[in-house]
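Let me begin by presenting the structure, written as structure tokens, before commenting on it.
Numbering (the numbering used here), first residue to last: 1 to 131.
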């Protein structure tokens with residue numbers, strides 16, 4: 001259940017930043033930055049904090065190679081779905097949602113990897129601590 005929560009939070013973060021509808025930060029910021037710059041900056045910083053948390057944890061747990069590997073697995077899964085005729089890639093709106101889904105899976109795996117690794121191997125990850 002913990003992975004699902006991390007994945008949903010990553011999906012919300014990515015979709016709140018940009019999605020093909022008008023309900024996203026990028027569209028809202030473009031339309032209101034002249035009249036409401038302080039809110040645009042504040043919400044942008046809140047989103048930035050979310051990205052920093054996810055990206056820092058992901059880079060520390062699986063690194064760039066792990067991110068590319070997870071993205072390759074997700075892309076191959078999508079390729080199988082396309083090859084079997086279960087999804088179509090003709091609609092740019094659907095493609096955007098697929099990209100948001102794929103990136104959210106990468107971020108969720110990165111945030112959850114230390115927990116999964118500890119359960120599989122019994123080894124705990126320890127951050128460098130200066131004392």
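Backbone N, C-alpha and C fix where the C-beta goes; we use that ideal spot for every residue, glycine too. Just so you know, these numbers come straight off a predicted model, no measurement behind them.
Cα-Cα separation between residue 97 and residue 117, rounded to whole angstroms: 29 Å
CA-to-CA distance, residue 89 to residue 59, given in whole angstroms: 30 Å
Span separating the alpha-carbon of residue 73 from that of residue 1: 21 Å
Residue 47 CB to nearest heavy atom of the ligand HEM below 7 Å: Although the ligand HEM was asked about, the structure shown includes no ligands whatsoever.
Segment contact, 8 Å Cβ cut-off, at least three pairs: the region 103-113 with the region 27-41: no
Beta carbon of residue 70 nearer than 8 Å to that of residue 62: yes
Own chain, CB closer than 7 Å to residue 103, minus 5 neighbours either side, in chain order: Answer for residue 103: 14, listed in chain order.
Separation of residue 100 from residue 29, as counted between CA atoms: If you take the alpha carbons of residue 29 and residue 100, they lie about 19 Å apart.
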